[in-house]
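Protein chains in written order, with this note's numbering: chain L, 1 to 473; chain B, 1001 to 1256.
Backbone N, C-alpha and C define an ideal beta-carbon position, used for all residues, glycine too.
Keep in mind that this is a model prediction, so the values were computed, not measured.
Reviewing the structure listed below.
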């Protein structure tokens, strides 16, 4: 996917002035935050589970090669194939080759952020293969020709009125006067549209929430059952997953599953948790004829052993963005690439470079709410700060910021001079602002006074007053 | 007094020093009333966050070294700010991870450093203050104090002992106000959206006064409230707790 992260500011400006988007974003608070809070409060061991989840992932990442090879052995033993892909291009070509061999004309797709990462849909279309998204949110944005704006609720930026319009425009064979108001109306209509597509599909592509080394299974969680239909009714099941999705055992997956839905949607479990272990066996009633796992690296192995390794613990629950005030203000598209919000602010520069995505780790107040809800205890603000450091060290920070910091640091390391300057500033600004108590505008402070007043100082610095009042003591 | 209380070094913070010395004097009064000997090392400037959060590690370390030197030898170091106390408490040791000797001194300082209101309640075991403040207030939990130092119940507990004061909770109290240090000037439009939402929530409580424990957030919220024409007064919580809330509120004209 082509990034527009460099234009984050312009993207954010557009988002903030989009009244429809702002209305859609208003649903995050009740839709996600409240539900998570309730379900977490109902589970006394939630904090201990977070520790377990973090430890499982840390252990796996420390032995990633071992568990990935074990996973591959098991997949092969089950009759499947693992394709190791270093780059998005390799992953796309691998999937295309499978589709070509199956003479595929349409593929159904379960929700997959890795598929977005490698730009799969556009690539398949360019090769005369029609991808059909089956997750309701993905189906909506496919009709709208938009990328997802959220990693578990891809169409969160769209209002019901917009969906109704899109469905009427797209499903022209249906009665134009039909009712399209409630989520159930949209689900029913999409379900009816998709039913035949599942049977027509030559290949079903899903993502994976976990890869289990012990059994060679892949696991997906969905609430609509579309993933099951995609992988069971297609004749060939292709799983696309990034390599940090592996966990050692079924038990480990079970532990993390207890964190995942609670953190994501505030459910105790997702409606469907589906384990896929190889292709259909001779006495199975159903299942695909072929089973492939396309394992994507795309820069992740380079994060191992660095200060960004902790990011590979991420289980894509979206709790960070659901609780992020910046995400809530601008929505996911403003971030300009696949992964938005706090996890995207760390993962995006890791995968496409800090030169391209430098805005993202900067566009945070470090309020820390993301880290406080992360089920994997990923220190997101700390890693954003590491990217700021990397940016600063490479001289990529804006010249104004560098200049300002240099002046500030010069003063802040010279206390006597610093006190003289701040004492003067307090007096001058205090005197100028005495009558009104605040400034509507101030030279060099347009960033502040453009949107809010600058309260005036009281008029003397604390240190000056302290020296006068307590100087003798 | 027969037994001398702890010797506390007040970390004034750069914003209190420049903008609102009243907060510093309120901190001194609250700690002296609780039996502390309070000193203000003259060699202090800032905690270093502007550099640290901008990725300028070298300057952050230079400024932090000054703080470590200036506050050597105190029983406690206390700041009327969760953000600055959090910087010293949470981040100084990591900042010097590659300099073992300084790291040790940073850890020693970190362990002794507290945010003012949590210091009063958790360490000095202050249960009530002798202040009077007739009116309804609401309280914003500044992010660093809340999440790095677990400052949440302490200010509410002490505010509960202020004569005449009614606390109306702010529904979004734990959501960032959009200050974020340099964030508010680097991304003013996003900051504006956040602080506008916050100001509207504050006004909706109907409280006459908004309190918080960090001057950065307070300046941001006061600036937005006055830009929106709201008449909510804005003060640092220490002013109310110390009974020093009779002067102009933040952003109010001087009385004469």
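What are the residues that DSSP puts in a beta bridge with residue 1144 of chain B? According to DSSP, which records beta bridges pairwise, residue 1144 of chain B is partnered with nothing at all.
Among L:16, L:94 and L:299, whose alpha-carbon lies nearest the alpha-carbon of residue 240 of chain L? Per the C-alpha coordinates, the member of L:16, L:94 and L:299 positioned closest to residue 240 of chain L is L:94.
Starting from the C-beta of residue 1239 of chain B, find all residues in its chain whose C-beta is less than 7 Å away, skip the five residues before and the five after it, and write them out in chain order. Within the same chain, residue 1239 of chain B has close Cβ partners 1022, 1023, 1026 and 1245.
Evaluate residue 157 of chain L with the Cβ neighbour count: other Cβ atoms within 10 Å of its Cβ, from every protein chain shown; 16 or more gives buried, anything less gives exposed. Burial call: buried.
CA-to-CA distance, residue 61 of chain L to residue 1098 of chain B, given in whole angstroms: Approximately 25 Å, taken between the alpha carbons.
Under 8 Å between C-beta atoms, does residue 1002 of chain B make it to chain L? In this prediction, residue 1002 of chain B has a pLDDT of 43, which is less than 50 and means its spatial position is unreliable; nothing more can be read from the coordinates.
Indicate whether residue 1202 of chain B and residue 1138 of chain B have their beta-carbon atoms separated by less than 8 Å. Yes, these two residues count as a Cβ contact at 8 Å.
Taking Cβ to Cβ, would you say residue 364 of chain L is nearer than 8 Å to residue 345 of chain L? Going by C-beta atoms, residue 364 of chain L is nearer than 8 Å to residue 345 of chain L.
What number of angstroms, rounded off, separates the C-alpha of residue 1091 of chain B from the C-alpha of residue 13 of chain L? Put simply, the backbone Cα of residue 1091 of chain B is about 33 Å away from that of residue 13 of chain L.
By DSSP's criteria, residue 990 of chain B is part of a beta bridge. Which residues make up the other side? Since the displayed chain B opens at 1001 and closes at 1256, residue 990 of chain B lies outside it and no answer follows.
Interface flag, residue 10 of chain L vs chain B, CB-CB below 8 Å: With a threshold of 8 Å between beta carbons, residue 10 of chain L makes no contact with chain B.
Which residues of chain L have a Cβ atom closer than 8 Å to the Cβ of residue 1044 of chain B, listed in chain order? Correct list: 415.
Chain L contacts from the region 1192 to 1206 of chain B (Cβ-Cβ distance under 7 Å): 1192, 1193, 1194 and 1195: these are the residues of the region 1192 to 1206 of chain B whose beta carbon lies less than 7 Å from some beta carbon of chain L, given in chain order.
Inspect the CB distances between the region 368 to 387 of chain L and the region 306 to 313 of chain L and report whether three or more fall short of 8 Å. Yes: at least three Cβ pairs fall under 8 Å.
For residue 9 of chain L, the three-state DSSP class (helix, strand or coil): Per DSSP, reduced to three states, the secondary structure at residue 9 of chain L is helical.
Identify every run of the beta strand (DSSP E) within the region 212 to 236 of chain L, keeping only runs that are complete inside it and at least 3 residues long; order them along the chain. Segments of the beta strand (DSSP E) lying fully in the region 212 to 236 of chain L: 217 to 222.
Count the other CB atoms within 10 Å of the CB of residue 1216 of chain B; is the residue buried (16 or more) or exposed (fewer)? Looking at its Cβ environment, which holds 16 or more other Cβ atoms inside 10 Å, residue 1216 of chain B is buried.
Determine whether the beta carbon atoms of residue 1158 of chain B and residue 1133 of chain B lie at a separation below 8 Å. For residue 1158 of chain B and residue 1133 of chain B, no; Cβs fall outside 8 Å.
Residue 1212 of chain B and residue 1140 of chain B - do their beta-carbons sit closer together than 8 Å? Closer than 8 Å, so yes.
Just to make sure I have the definition right: I need the residues of chain B whose C-beta is within less than 7 Å of the C-beta of residue 453 of chain L. Which are they? Neighbours of residue 453 of chain L on chain B, chain order: 1223, 1226, 1227 and 1251.
Going by beta carbon distance, what residues of the same chain come within less than 8 Å of residue 438 of chain L, once the five residues before and after it are set aside? Within its own chain, the residues whose Cβ lies closer than 8 Å to the Cβ of residue 438 of chain L, once the five positions on either side in sequence are excluded, are 453, 454, 455 and 456, listed in chain order.
Looking at C-beta atoms only, is the number of pairs between the region 312 to 320 of chain L and the region 328 to 335 of chain L that lie closer than 8 Å three or more? As far as the Cβ criterion goes, the region 312 to 320 of chain L does not touch the region 328 to 335 of chain L, which means the pair count is below three.
Please classify residue 136 of chain L: is it buried, with 16 or more other beta-carbons within 10 angstroms of its beta-carbon, or exposed? Here residue 136 of chain L is buried, its C-beta having at least 16 other C-beta atoms within 10 Å.
Taking the beta carbon of residue 1210 of chain B as the centre, do at least 16 other beta carbons fall within 10 Å, making it buried, or is it exposed? By the 16-neighbour rule on beta-carbons within 10 angstroms, residue 1210 of chain B is buried.
Can you pull the chain L residues whose beta carbon is under 7 Å from the beta carbon of residue 1056 of chain B, in chain order? The answer, in chain order, is 392 and 405.
Check the Cβ-Cβ distances between residue 1189 of chain B and every residue of chain L, and say whether any is below 8 Å. Residue 1189 of chain B counts as touching chain L.
Residue 435 of chain L versus residue 1248 of chain B: straight-line alpha-carbon distance, rounded: Taken atom to atom, the span from the alpha-carbon of residue 435 of chain L to that of residue 1248 of chain B is near 11 Å.
So residue 84 of chain L is in the beta strand (DSSP E); what residue range does that whole segment cover? Residue 84 of chain L -> beta strand (DSSP E) spans 81 to 85.
Take residue 181 of chain L and list the residues in its own chain whose beta-carbon comes closer than 8 Å to its own, dropping the five residues that flank it on each side. So the qualifying residues of the chain are 160 and 164.
Could you work out which residues of chain L lie near residue 1125 of chain B, taking near to mean beta carbons separated by less than 8 Å? Here the premise fails: no neighbours, minimum Cβ distance about 26 Å.
Report yes or no: do three or more beta-carbon pairs, one from the region 268 to 284 of chain L and one from the region 222 to 241 of chain L, lie closer than 8 Å? The region 268 to 284 of chain L is in contact with the region 222 to 241 of chain L.
Please determine, among L:369, L:375 and L:336, the residue with the shortest C-alpha to C-alpha distance to residue 357 of chain L. Among L:369, L:375 and L:336, the Cα nearest to that of residue 357 of chain L belongs to L:336.
Between which residues of its own chain and residue 1121 of chain B is the CB-CB distance below 7 Å, once the five residues before and five after are set aside? Excluding positions up to five away in sequence, the list reads 1154, 1157 and 1158.
Determine, using beta carbons only, whether residue 442 of chain L and residue 64 of chain L come nearer to each other than 8 Å. The answer is no: Cβ separation not under 8 Å.
I need the straight-line Cα distance from residue 411 of chain L to residue 433 of chain L, nearest angstrom please. Distance between the alpha carbons of residue 411 of chain L and residue 433 of chain L is about 24 Å.
Considering only the alpha carbon of each residue, which of B:1084, B:1163 and B:1112 lies closest to residue 1146 of chain B? Answer by Cα proximity: B:1084.
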